[in-house]
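Visitor: Residues in the sequence shown are numbered from 0 upward in steps of one, following numbering that gives the first Met the number 0.
From the three backbone atoms N, C-alpha and C, an ideal C-beta is built for every residue, glycine too.
Given the structure is predicted, the values throughout are model-derived calculations rather than measurements.
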Amino acid sequence: MGSHVPKVLLPIKGRPLLRYVLESVRAAGVTRTIVVVGTQKEQVMAAFAHDDVEFVVQSGQHGTAAAVLACRGLLGDDEECVVLCGDAPLIRPETIQRLFRVRQESGADVAVFTARLVDPAGYGRVVRAGGDAIEKIVERRDATPEVLAINEVNSGAYSFRWGSARPALERILPSPVSGEYYLTDIVAELRSEGGKAVAVLAANPDEMLGANTPDELGVLERGLAVRREPSAD
Numbered sequence: 000m001g002s003h004v005p006k007v008l009l010p011i012k013g014r015p016l017l018r019y020v021l022e023s024v025r026a027a028g029v030t031r032t033i034v035v036v037g038t039q040k041e042q043v044m045a046a047f048a049h050d051d052v053e054f055v056v057q058s059g060q061h062g063t064a065a066a067v068l069a070c071r072g073l074l075g076d077d078e079e080c081v082v083l084c085g086d087a088p089l090i091r092p093e094t095i096q097r098l099f100r101v102r103q104e105s106g107a108d109v110a111v112f113t114a115r116l117v118d119p120a121g122y123g124r125v126v127r128a129g130g131d132a133i134e135k136i137v138e139r140r141d142a143t144p145e146v147l148a149i150n151e152v153n154s155g156a157y158s159f160r161w162g163s164a165r166p167a168l169e170r171i172l173p174s175p176v177s178g179e180y181y182l183t184d185i186v187a188e189l190r191s192e193g194g195k196a197v198a199v200l201a202a203n204p205d206e207m208l209g210a211n212t213p214d215e216l217g218v219l220e221r222g223l224a225v226r227r228e229p230s231a232d
């Protein structure tokens, strides 16, 4: 948005966006938090220097899958993980718990938080395989017109067990369009080896909103004012 401030440090009610995400993570019962930083890392690390978080520096901007893989030296195969966007402060503790619960109860390798939007422009599309199962997630810039007609989108929030996810992440190839390694490709990689991915559909699509425009920042501010309202499961 033309700011020299990292997106995760943009303030709402005098507090950075990432602060709200970390509070939801803690309220959900997550006992360990890793924050992946890249450009402007010094500002982010300084802002949360006194928090109970670990920092991992991603060298270069090579995509979301590369960001998650940057944590591999800190994670054991049996660890249950949730991946969240640091600039999406409306995510609720109940939603994080639901991501863990649905993945475990369904026996899936990965659960993806999704939403159906009236205007899905700009988001990666979720292609279902039937029921709650996901066939693949296609980034907007790689999508065909047929896929772009889908209104279910990826939120950027995932749950998985590290031992299942890591080999799939390591097999992901760069996008021929952008050259980036997309975390969304974990779904197709897991399915290619007989794995299963499931969608966890948002009751309130605002939970997935990030701060990409001034208008979205305004929506986030209004959403945080009513964040105590219950979220349907």
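Thinking C-alpha only, which one of Phe47, Val67, Asp108, Val20 is nearest Leu168?
Guide: On the sequence shown, residue 168 is found 169 positions in, with the first residue counted as 1. Of the listed residues, the one whose Cα sits closest to Leu168 is Val67.
Visitor: Could you pull the DSSP bridge partners for Val111 from this structure?
Guide: Indexing the sequence shown from 1 puts residue 111 at position 112. According to DSSP, which records beta bridges pairwise, Val111 is partnered with Tyr157, Ala198.
Visitor: Which residues in the same chain have their Cβ closer than 6 Å to the Cβ of Lys135, if we skip the five residues on either side of it in sequence?
Guide: The residue labelled residue 135 in the question sits at position 136 within the sequence shown. For Lys135, where only same-chain residues beyond five positions count, the Cβ hits under 6 Å are Val126, Val186, Ala187.
Visitor: Kindly confirm or deny that the region 11 to 19 and the region 211 to 220 touch, where touching means at least three C-beta pairs closer than 8 Å.
Guide: yes
Visitor: Candidates Arg18, Ala201, Val20: which alpha carbon is nearest Val238's?
Guide: Because the chain spans 0 through 232 in this model, residue 238 falls outside it and cannot be assessed.
Visitor: What does the alpha-carbon distance come out to for the pair Ser230 and Thr94?
Guide: Against the sequence shown, residue 230 aligns to sequence position 231. Against the sequence shown, residue 94 aligns to sequence position 95. Confidence at Ser230 is low in this model, with a pLDDT of 45, below 50, so the placement of that residue is unreliable and no value is reported for it.
Visitor: If you reduce the DSSP assignment to three classes, tell me which class Pro10 lands in.
Guide: On the sequence shown, position 11 is the one that residue 10 refers to. Strand, per DSSP.
Visitor: How many Å lie between Asn153 and Asp108 at the Cα?
Guide: Here the question's residue 153 lines up with position 154 in the sequence shown. Here the question's residue 108 lines up with position 109 in the sequence shown. Their backbone Cα atoms lie some 17 Å apart in a straight line.
Visitor: Quick check: the Cα distance between Glu22 and Ala48, rounded to an integer number of angstroms?
Guide: In the sequence shown, the residue the question calls residue 22 occupies position 23. In the sequence shown, the residue the question calls residue 48 occupies position 49. If you draw a straight line from the Cα of Glu22 to the Cα of Ala48, it comes to about 15 Å.
Visitor: Is the beta carbon of Asp86 less than 9 Å from the beta carbon of Ala224?
Guide: On the sequence shown, position 87 is the one that residue 86 refers to. On the sequence shown, position 225 is the one that residue 224 refers to. No, they are not a contact pair.
Visitor: Going by the DSSP bridge assignment, what does Ser54 pair with across the sheet?
Guide: Within the sequence shown, the letter at position 55 stands for residue 54. Ser is not the amino acid found at residue 54; the sequence shown has Phe there. Bridge partners of Phe54: Val34.
Visitor: Going by DSSP in three states, Ala128 sits in which element: helix, strand or coil?
Guide: Mapped onto the sequence shown, residue 128 falls at position 129. Correct three-state label for Ala128: strand.
Visitor: Which stretch, first to last residue, makes up the alpha helix (DSSP H) that contains Val146?
Guide: Against the sequence shown, residue 146 aligns to sequence position 147. Where Val146 is concerned, the enclosing alpha helix (DSSP H) stretches over 144 to 147.
Visitor: Using beta-carbon positions only, say whether Leu89 and Leu216 come within less than 9 Å of one another.
Guide: As a first step, residue 89 is located in the sequence shown; it is residue number 90 there, counting from the start. As a first step, residue 216 is located in the sequence shown; it is residue number 217 there, counting from the start. No, the pair does not count as a contact, with Cβ atoms beyond the cut-off.
Visitor: Return helix, strand or coil for Glu206, following the three-state DSSP convention.
Guide: Numbered from its first residue, the sequence shown carries residue 206 at position 207. Helix at Glu206.
Visitor: In angstroms, rounded to a whole number, what distance separates the CA positions of Cys80 and Met44?
Guide: Residue 80 sits at position 81 when you count from the first residue of the sequence shown. Residue 44 sits at position 45 when you count from the first residue of the sequence shown. For Cys80 and Met44, the distance between alpha carbons rounds to 21 Å.
Visitor: Spatial neighbours of Ala114 within its chain, please: CB distance less than 8 Å, with the 5 preceding and 5 following residues excluded, ordered by chain position.
Guide: What you label residue 114 is simply residue 115 of the sequence shown in a count that begins at 1. The answer, listed in chain order, is Glu151, Val152, Ser154, Leu200, Ala201, Pro204, Glu206, Met207.
Visitor: Buried or exposed: where does Glu256 fall if 16 or more other Cβ atoms within 10 Å of its Cβ makes it buried?
Guide: The requested residue 256 is not part of the displayed model; the chain covers only 0 to 232.
Visitor: Would you report the Cα separation of Val35 and Val4, rounded to the nearest angstrom?
Guide: What you label residue 35 is simply residue 36 of the sequence shown in a count that begins at 1. What you label residue 4 is simply residue 5 of the sequence shown in a count that begins at 1. The straight-line gap from Cα to Cα measures roughly 16 Å.
Visitor: Under a three-way DSSP split, which group does Gln39 fall into?
Guide: As a first step, residue 39 is located in the sequence shown; it is residue number 40 there, counting from the start. Note: Gln39 maps to strand in three-state DSSP.
Visitor: Could you give the distance in angstroms between the alpha-carbon of Gly37 and the alpha-carbon of Gly59?
Guide: Within the sequence shown, the letter at position 38 stands for residue 37. Within the sequence shown, the letter at position 60 stands for residue 59. Between Gly37 and Gly59, the C-alpha separation is close to 7 Å.
Visitor: Roughly how many angstroms lie between the CA atoms of Glu53 and Leu73, to the nearest whole one?
Guide: As a first step, residue 53 is located in the sequence shown; it is residue number 54 there, counting from the start. As a first step, residue 73 is located in the sequence shown; it is residue number 74 there, counting from the start. For Glu53 and Leu73, the distance between alpha carbons rounds to 9 Å.
Visitor: For the beta strand (DSSP E) containing Glu179, name the first residue and the last one.
Guide: The residue labelled residue 179 in the question sits at position 180 within the sequence shown. Here Glu179 belongs to no beta strand (DSSP E), and DSSP marks it neither H nor E.
Visitor: What does DSSP give as the partner residues of Pro241 in its beta bridges?
Guide: Since the first residue shown for the chain is 0 and the last is 232, residue 241 is missing from the structure and cannot be characterised.
Visitor: List the whole-angstrom C-beta distance separating Ile133 from Ala198, where the pair is believed to meet the contact cut-off of C-beta under 8 Å.
Guide: As a first step, residue 133 is located in the sequence shown; it is residue number 134 there, counting from the start. As a first step, residue 198 is located in the sequence shown; it is residue number 199 there, counting from the start. The pair is a contact, with the Cβ atoms about 5 Å apart (cut-off 8 Å).
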